[in-house]
Structures are given as structure tokens and as C-alpha cells.
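There are 2 protein chains.
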Amino acid sequence: MQVTFIWHEQIDGRWSQQQKQVTTTGDMTILRLAREHDIKIDATCGGRGRCGRCKVVVDGLLNEISKVEEQLLTKEELARGIRLACYARPLGDIKASIPTSETELLQILTEGSEQAVAAAPDIVKQFVTVEKPLLETPDGDRERLLEALEQSGQKDCQIPLQIMSGLPEVLRKEDHQVTVTRWGNHIVAVESGDTTGELFGLAFDIGTTTVVGGLIDLHQGKELAVAARLNGQAAYGADVISRIEYASNGTSQLRRLQRAVIDTLNGVAAEIHEKTGISPNKVCRVVIVGNTCMQHLALGVSPTYIARSPYTPAFSNRFDVKAGQLGLAVNPEAPVTFLPNVAGFVGGDTVGVVVATELAHQKGRILMVDIGTNGEIVMSWGGRMVSCSTAAGPAFEGAQISSGMRAGEGAIEFVEIGDDIEVAVIGKTQPRGICGSGLIDLVAELLKVGIIDETGRLQDAAELQGLSPELLKRIRLGEAGNEFVVVWGEEAADGSDIVLTQRDIRELQLAKGAIRAGTMILQQVLDIKDEDIDELLLAGAFGNYIRKESAMQMGLLPQVPLEKVRSVGNAARVGARLCLISQGKLEEASRLARSMDYVELSGRPDFQEAFMNAMLFPQITCESAR
Amino acid sequence: MQVTFIWHEQIDGRWSQQQKQVTTTGDMTILRLAREHDIKIDATCGGRGRCGRCKVVVDGLLNEISKVEEQLLTKEELARGIRLACYARPLGDIKASIPTSETELLQILTEGSEQAVAAAPDIVKQFVTVEKPLLETPDGDRERLLEALEQSGQKDCQIPLQIMSGLPEVLRKEDHQVTVTRWGNHIVAVESGDTTGELFGLAFDIGTTTVVGGLIDLHQGKELAVAARLNGQAAYGADVISRIEYASNGTSQLRRLQRAVIDTLNGVAAEIHEKTGISPNKVCRVVIVGNTCMQHLALGVSPTYIARSPYTPAFSNRFDVKAGQLGLAVNPEAPVTFLPNVAGFVGGDTVGVVVATELAHQKGRILMVDIGTNGEIVMSWGGRMVSCSTAAGPAFEGAQISSGMRAGEGAIEFVEIGDDIEVAVIGKTQPRGICGSGLIDLVAELLKVGIIDETGRLQDAAELQGLSPELLKRIRLGEAGNEFVVVWGEEAADGSDIVLTQRDIRELQLAKGAIRAGTMILQQVLDIKDEDIDELLLAGAFGNYIRKESAMQMGLLPQVPLEKVRSVGNAARVGARLCLISQGKLEEASRLARSMDYVELSGRPDFQEAFMNAMLFPQITCESAR
């Protein structure tokens, strides 16, 4: 039988699709087969069915879906033909597409929902034949073009100055036949001849840490390429609050932050140009999601009062500008829309998630949690939606943790404790530290074996019973209380021990307490108990990476059965994309943002108590509860 | 009796009004009185009642208006209390205002018509109290401001990005009380506190040679200051056609011409700032008139096809942009309106003249001629208006004439021939050349004494009878036919003779032929004979300076009695000013431009013949006809 591998590769700076057909007898998993033929598939755990990273999109006859895949893949992923290469075995001729990146995977993941939304963007192209000028009628070029548009039913169109300056040449190049790109009555482009065949837009998600952009074919609603970069504002502070502080120092600081993120967006656009060969100048529509602060900074609007009670943004409804006003390197007349914000800390990104997950149209009691430095939470029931935001701090991103680090090469991202501790490291190198998902795993496992108690205290080795000497050896007295050695120095990249300190655990308790308290308050507002929750959606990249069991184990989330938990990936960006290809979705976003209730946690007397309770770890572990 | 002189003087770079009271017995003219007290009044002819330049605005009892003043001043000027200082004598206490410049005089001249137009600009200021933000309502600053505007009846207002960036601070500076400047539903400015007391606009006339601007108090419709500069585009060609050629070389050339005129406008605005102390940033409305080409260049829009048959402009209706888009150094959000163009060579300046002179509302048969490098002509009768443009060339500006020069210091601007020739020189220095008005005088006088015949031939001295030997001596054979020595070298600034050559006369014949042929065609179109013309308006600075008799003598204008001829000065700029202070006038300008018929002379088979006939000089002189 034949297996056709399909993947993307960068050759001479351009991305192109590669394909390789190999023959197999069906006794090998896709992962092993790929390795034999030097085809790269990412698998942190070495193919042991633990990391869940070796996702491939398959088409054809394969072995049955394994228990491990059922655990590590969502129903949605399974429904879309995604399998783990380490478990999937071909039983006939198959095709296996290997995602080159998480974003490409997300693209595949979300294709389904977008197919369902018909491509009907708010920007259109129209081929127009303009009257030629005559000696007797001294009408201007502009007036004759507008006349032609009016005859086709488009009244009161506006041609911006930028387009006017070259209009005489554009009109005459192809004998007064032009293609007009129109956004409402705003003319975005006038091109010689018939270019109605192509219409492109960009959807951006500006995260505090990462910026992701996708080029969309607006006729077909298809994503043609995706690129991601670190937000260039990182140099001015890791989190939203420190950036607001910096921007509040003065106009030049605000401008600097704006410049930094616009440069990032332009970098993403340039990379997409490299991948596709489609000139950014052909991009005539942009939709951007981001948290409220990121939106303010990208627009160069003062975010100062977002951070001061009563936490008022400068704008909350959707914001439309021209690309040229932002310095965005696409068609300068392209309208750029920032999705509406609900409040100072519930932004257009959350609205994007709500649009992408169709939260408002779901019948059940659904809780959506987007975990980041700020946790945005939305609880939906019967058409009513309530949102809040809670400051988790950067612990989940590995910051302010003694051995913490971002989820990059050398980060421990997976931890399992049996007789001793076992870790998986991103890039399979020697470990350099622990990232967020590794931390949650670690604490969850330490809770399971009792090394951490429900109050978060790291026990003394003497207090513990029935544990292996390897484990007990790892507990020692550090500078500020007990600490647990995750990796001994000799195995670590820089030769020093990787440890979890008592203080680290407190940081995590604060972070998870904030998230959990937020969900508790929203549940209270709508009077929904944990057991009544029908679905729990985890949004954002973090939601994709953490092990749900561990998150549950440490009490980050309400106690619901694991099968009710679903990762929806970077749903914010999917929301942006849907709004880009569908005027209906864009208008829905505004309606949703306006109708969504907002609970300001700092204004609630019951928040402090909820927070105190939520900092504790659950007394009963998931495992024992089953 | 007391005479109070009032004038403006530049002291330490700032203009300020000066005043001096002097005592007189009433035996002296105002001019002599002023000179005795070292007060400067311009009088080229030395007070001989010829140049008509010593105009003063008087208030109080004076001697009767003299014949000379009746000849040299228009009825309008006389009605507005303007007298010639060389003839006017106080008979009681009087005030005499001395205009510092032609533009200031025009301002005085046109004050009457503007007083009649109520100040009702299309831009308004509104004091607004905005709701303060609350913890429970996370509405943005923008949304609360828009809500306040909506409550006052202003729906769907748009706040531009530029204003958004500082809005949070502006709102909070004066306790959420702000003044909104609004142009339709476009917000132009938001200022802290109540600034409704002041509202300023700028009216510009962009001439091919000169740019004039006036700062207008939009509440009162009053002009606060005027400044003028040479159009910085002059370096790229003296006339419209050479600038179009330059701009057609490419985008960078077009941009250079745009930059040059915008710099000029900004220079004018800066000078006005100096004079008034009112910051350009407070200017939130601008109206610009200019010929079609000047408008294209100021907007950076390609004028290429204006110069090629069928002479199509890129736009003809009024053009609105934001000041910031042009780089105009006023409030960048200020709307800038260019008055509509009628055709490639009948521009917004002509529309401005029509608005200022209320041509459309006059009952009679009125001919308006604006003489420049291009002559724009409008014939109005019973609500119908027909316009045309005719290429006079730069002869009237002294170009392409052997001893020609611009109307600056050392230019002969006035010529009279008796037994010998007598000239008046601008600045009363030794003459350097002849300017347009001097040329017309000279040719008219030479026609009168027969030295030039009706075909334009400069006669040989031998053919002439009854002329003084001084005059005959001046006729000599030059390099290309006869020439006439206007000033002998010993009296001229550079020691060489100032002459009028046969070729110079031909140039003037071409120029005046073009203008006259244009008027003839329009008269034909409306079937109006010379004797049926009720009024002949001369617009533009040139119309102010030429002696009507001379213009008539040489057949530049239709043969109508002199009292039917009226100079309306820089009426184009007055039109801009009226449109700036009155939305009604601005809308009327668009209606007028659309309803005005246009005759393309080059498309008419009868134009060539009219032109040939019009090049001849009239057989009978004005004097002999009386």
C-alpha cells in the first residue's frame, strides 16, 4: 500500500508544498514510516503516546482510533481526520498531511467551521466600464467613474485622494475599463482592466506575546498562508499592565509601542508575502482581534485609564481605520477593523472566541476560559452571556517561577511521577527550565502523590509515606522553605538543578485562584453549579497545550468530567477570520459585544472570598474521584 | 481740524495697527498732509491724479469727489468711502485708513458684500457634557462622547483616529466637559472645556503666480488678516502648461509641485499666525480656489490630461480632503474644500468670481473677464451662464516681450503720449522695463497717435505726419522691423534703451486676440451684441491695474461705454471667503459650476476666424468715437 506524505517546506526562502510517496506493508505506524523515509514529524515524547504533538491529518483507511488518541485528541480533531502518527497505522493507500506548525494545524482544525460560513465579505470588487471623455462634456475622470458606479446602483461613492492622484492613468491604461474595490461607499482601489478574480484580506490576532496573521482568499474564504511573530512590544514589558504603564509616560512612548506592534504586523505580512508571492498591496481588507490594551496600542490610542479604576477604555465598539493611518504595509486605503471590546480587560479577542465557537447560539450551559496573563472568562446559557476578566499574572507563562521559562526549546512541557519523575522536553534537548504546561503537570502530579498538600505546602520528606527514595531525595530545604528538585544539575543544560520552590507553588496558587474565582463568580451570577456545566471550552494556545487532567487535578477549572472539556485553539483568530470573510459575522460580533454582560470582579464584595477559597487545591484528586 | 491716520506696520516681526493724529487747516490734500508727517501713502504718479494708487478709506467731512476720482475709482469704491489721497481734502475731523497692501484694500472693498452674507459656516462648535465612567458600565470614552452628541441630536458622528489618541486626557482635563468641532458628522476637534467662543477658517486663492490667504473669524465672517506669497511652483515653469508638462514627467515631479505649493500655503498661514497670534492649529476649516491645474497640483493629482484633447480634468466637482492629507499646517482634521471646476481651463477660481459677483442673480447681460495667462470668460444673461477659456499667453504679464517685466519695482506701469512720451514707474525709481498695464497703455497711446496702425504695424517715421520730432526720433529700424524707444538708455536703470518691437506688438495682438475672440464667441452663443452688454466685469489683479480706456482702445474688450466697466478685484478669493463663512454659498458654488455651460473654443470651427479678426486693433479710437 502507498502512503503519500504532504508537507510544506521552505526552499530558497519560499514556502512550497512537498510530497513523497512511500510503500509500506501496514505494519508500521505513520510516525515510524516517516522516520524511515527522513520525513520530519514533531513528537516530543519520542512516540510514546504522551505529548500528543505528532498530529497528522489523514485520508484513507487506517487502524481503529486508540484509547490514547481518544484522550489526547478532541472529538473535533478526530472528526476532522486528525490522528496521532505514533498510533495510526495505514490499512490501505492513504494521504497524510503533516502540519508544519501549530498555526497550520489550527487552520486545518478550524476549516470546518469556516466552510459553514459562506464567504460574503463586506468588501466587493466590481468591473466597470467608464464613459470616455468628449470635447463637449468637460466632466472629470472622477465624475465619470462615479456616474458609472451610480448606474450600477452604487450611489454616493467616495474616492480617496490617494486613489485620485493616479486615476487618470489607471482609467486610460485599459481603455476606461477598471475594477473598483468597494467597502460600502468607500472606494478602496481602482485597478485597470478586470481583476475581479482576486480579493485578499488579512486576519490578525495581536496577542500580548505573539502576533499571528493569516492571508485569506475572500472569494473562497480560504486561508492561503499563516505566519506568526513575537509581539515587538515585549521589550517594553511582558504583560499588559507594564505596557500600559510605559505608554502612560507620554506620547512618544505610546507611539513607540504602536510602532513596535505595527512593525510586527508588517513582519507577519512580509512573511506571508514570501510564502505566497501575493503582494501585500493586494490586501484590501484587514480584521484584527486583540485584547483591549493591544487594540489601543496598535491604534496609538492612550490606554492609561484601562488600568485605573473604573478601568475605562478609550473606545469599546468596533474601530475602523484605514491601513495607511496605521502604517500597515498593505493597500493604504484598506479598511482595518478592530473587533469590539466588552470592557477594559475583555477585548475583541474574547469577542472573536465567542464568534468562532458560536457560543451565543449554543443551547447548554457553556463556560469558556481563555488562560493567559489575564484570564478572560465567558459563561453562556440560553442566549445570555456574562464575561469577566481576572489577573492571573504571568506564572502560567513560566514567568516569576524560579525555574520557569517560555514554551521554547529546552522547556519541560510534560511531567509524570511514578517511582521517580519523568519529563519531556521541547526539542528533546537537555532541559533548561519548566514552561506553563509542565508546571501544571508537575504540581498536579505532586498533589497526586501527596508531596504537595491541599493548602499548597511542600511537605517535608519525613512527613511522607510510601514514596520511593528517588522521589524523597528530591525534597530538600531551600532558601525559603522546601523545594523539589525536578531535574538534577548533571542532566540539565546549564548544570544547575531545576527546582520547584514553595514560592513557585504560591505563585501558581495565586494564578489558578484568580482564574477559578472568576469562573466561580460567573457561575454564581448565572446560578450554575459545576455539575450543571455542559461544556468547558479552553481557548488560546495555552488551552491547547495543557493536559486537561492536570488542570483539573490542581483545581484550575471547575470539576467537570474530562470529556466535557474541549480545546478550541486560537479561536480568537478564527473569529477574526470569520468576520473578515462574512459581513454577517462581523455585524454579529458587534451585537454580541453589546449584549454581553460584564462583571467587574474588583467591584464585587464576594470576589475576595472566592479568591481565597480558589487558591486551595482540591482535596480529592481526579483519579480518586473516578 | 484733526486727521487721524490709521495703518498697519510690522514691528519686531508682528503686525500691529498704528495711529497718528495730526492737526490741519484744511488747505492740504490728505496725501500732502501725510507726507508732512512722514506717513507713507503709495502714489506712483507723484500725486498727479494718474496712477490711482493712493486710495484711502475715509470717514468724516471732505471736499467733493473730483472728476479724476470719478474716473479712477469705481462706483463701488466711492460708495465705500474710498478716495484718492491726492485729491481728497478734509473739511472737518476725519479718519483716514491707509491700506498697507492691495489685498488689504480688496478686503475693504469687499467687506460690503460679505456683510450681506450671514456667517453660517458648515462647521460648528458645540459644548458637551459627557457622562463619567462607572465601574458597572464599561463603556468607552468614545462611546460616552458619542452618546452625549446623540442626545443633542447629532447621530452617527465619526471621531477620527488622530483625535482618539488623546481623547481620554482631553475628556478628563476639565471634568468631562468638552467642546466638539463638527463638520457634518465628522468630528474635527475635541477640546477640554468651553472653547465655543472662537472658530477660525482660512480662505486661499492659489494663483499660478501668487497665493493669497485670509484668516476668517467664522462666527462673525470677518477677515482677521491677509498674507500673500509667490507660488513656490514658479521655479518649475511660469505658466500652467509648463507645470502640467513638468508634472507629467512622473510621480516624483508631481509630488515636488504639490510640495512647492503646499509650502507656499504654509508660509502664508505662518505669516498670518505672526500677524494675529492665532495658532494655525486652531484653524479647522479651509476653502481653496484656484484654476483647475492649480487644484490638481495642490492635491497631488495628475493634471496630464488637462493639457491634451479633450482636456479632461481628473475631477470637476468640489473636492474635500483633510488638511493632514495635504500636509497643510493647520488642524490636520480640518476639512479642506476646493471649489468645483467647470472644465480643464475654467476652474474653481472662476466659480469663486461668479459666487462673489452674484453673477447668476443679476438680471442684465453681464460679461466677466479674468485676464491672466489664461483668460477665463463668463457671459451671464437671465440665469444662463456660458464660460470659456482662452490661452492669452504670458504677454500681459510682461513675459515674451523684449523689455517686458512683472509689475514690480522699476516697471513702467503707466504711459501717456503727448508731444513726447511720459511714463510712471513703480517705486519711482529709474525704469527697468514695462509691465502688462504699461504695455497696454503704450500700445493704446501709439494707436491713438497713429504710430501703430490697425493691423499692428509700427509705421516708419517717414509715413507719419503731425507728430513731434521727439516722438519721431523714437521710431527706428531694429533687428526685426521697426521698434519704438520708450525710454532712452541714459534714463533707464541699466543704461540700455527700453523699446517696444514689432514682434512685441505681435505678441500682444495674439494675447488680446485670444481674449477678444473668446468674448466674441460667448456673445455669439448667447446672441448678445457689444451694445447690448449691460456690465463688463474685470476680475483678478490685472483687471484692477489696467486703465480701462487703454484696454478699450486696443480692442482687448468689447466696445462698451467705460462706465459699464467695473473692476471687481480678486473676486475669486472673495468667493472662497464667502463659501467658507456660508454653507449656502458653498452649495451654491456647486450648483453654479454644474449649471454653467462651457464652450470649448478649440472645438468650434468659427473660433479661428474670430481670433484672426480679434487680433486687429479697432479702426476708430475711443477718443474719436466720443
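For the protein sequence lines, the chains are A and B, in the order given.
The first sequence begins at 4 in this note's numbering and counts up one residue at a time.
The second sequence begins at 4 in this note's numbering and counts up one residue at a time.
Each residue gets a CB set at the ideal place from its N, CA and C atoms; glycine is no exception.
The beta carbon of A/Pro621 lies closer than 6 Å to those of Gly558 in the same chain, with the five residues before and after it left out. Only buried fits A/Ser305, as 16 or more other CB atoms lie within 10 angstroms of its CB.
CA-CA distance, B/Ser585 to A/Glu336, rounds to 32 Å. Boundaries for B/Phe399: no beta strand (DSSP E) harbours it, and the DSSP string shows neither H nor E there. DSSP links A/Tyr601 through a beta bridge to A/Ser390. For B/Leu137, no beta strand (DSSP E) encloses it, and the DSSP letter there is neither H nor E. Shortest Cα-Cα distance from B/Phe203 to any of B/Lys476, B/Asp422 and B/Ile281 involves B/Ile281.
Annotated three-state conformation of B/Leu174 is helix, per DSSP. In the same chain as A/Glu590, and ignoring 5 residues on each side of it, no C-beta atom comes closer than 6 Å to its own. Judged by beta-carbon spacing, B/Met599 lies within the 8 Å limit of B/Met388, meaning their Cβ atoms are closer than that value. The Cβ atoms of B/Ala99 and B/Val356 lie no closer than 8 Å to each other. For the region 492-572 of chain A, the continuous beta strand (DSSP E) assignments of 3+ residues that do not extend past its boundaries occur at 501-504, 538-542 and 568-572, in sequence order. Residue pairing from DSSP places B/Glu379 in a beta bridge opposite B/Asp373 and B/Ser392. Contacts between B/Asn320 and chain A, judged by CB atoms closer than 8 Å, involve Gly143, Arg145 and Glu146 in chain order. For B/Tyr314, the chain A residues whose Cβ falls inside 8 Å of its Cβ are Leu138 and Pro141, in order along the chain. Neighbours of A/Met557 in chain B, taken as residues at a C-beta separation under 7 Å, are lacking, since the least C-beta distance is about 31 Å. Look at the beta carbons and you see the region 563-582 of chain B touching the region 276-293 of chain B: at least three pairs across the two are nearer than 8 Å.
Under the criterion of beta carbons closer than 8 Å, A/Val426 and A/Val488 do not qualify as touching, at roughly 12 Å. Of the residues B/Thr132, B/Ile420 and B/Ala346, the one whose Cα lies closest to the Cα of B/Leu445 is B/Ile420. Bridge pairing for B/Leu461: B/Ile455 [DSSP].
Apart from the 5 residues on each side of it in sequence, A/Thr213 sits with its Cβ closer than 8 Å to the Cβ of Ala231, Arg232, Leu233, Asn234 and Ala544 in its chain, given in chain order.
Runs of the alpha helix (DSSP H) lying entirely within the region 306-385 of chain A, each at least 4 residues long, are 326-329 and 351-360 in chain order.
Look at A/Ser392: its C-beta is not under 8 Å from any C-beta on chain B.
For A/Thr132, the enclosing beta strand (DSSP E) covers residues Ile126 to Thr132. Nearest CB-CB separation between A/Glu603 and chain B: below the 8 Å threshold.
In this structure, the straight-line span from the alpha carbon of A/Ala514 to that of A/Lys588 is close to 33 Å. In the same chain as A/Leu170, and ignoring 5 residues on each side of it, the C-beta atoms closer than 8 Å to its own belong to Asp144, Arg145, Leu148, Ile162 and Val193, in chain order. Annotation for A/Gly351: Val292, Gly293, Gln298, Phe341, Leu342, Pro343 and Asn344 place their beta carbon closer than 7 Å to its own, counting only its chain and skipping 5 residues before and after. Under DSSP, B/Leu87 forms a beta bridge with B/Lys58.
Scanning chain B for C-beta atoms nearer than 7 Å to the C-beta of A/Ala346 yields Pro141, reported in chain order. Using a Cβ distance threshold of 8 Å, B/Gly401 and B/Ile437 count as a contacting pair. Cα atoms of B/Asp30 and B/Leu65: separation of roughly 11 Å, rounded to the nearest angstrom.
Annotated as proximal: B/Cys57 and B/Asp45, with beta-carbon spacing under 8 Å. DSSP places A/His40 in no beta strand (DSSP E); its state is neither H nor E. Contact of A/Val304 with chain B is assigned, a C-beta pair being separated by under 8 Å. If you check each beta-carbon in the region 165-194 of chain A against every beta-carbon of chain B, the ones closer than 7 Å belong to Met167, Ser168, Gly169, Leu170, Pro171 and Glu172.
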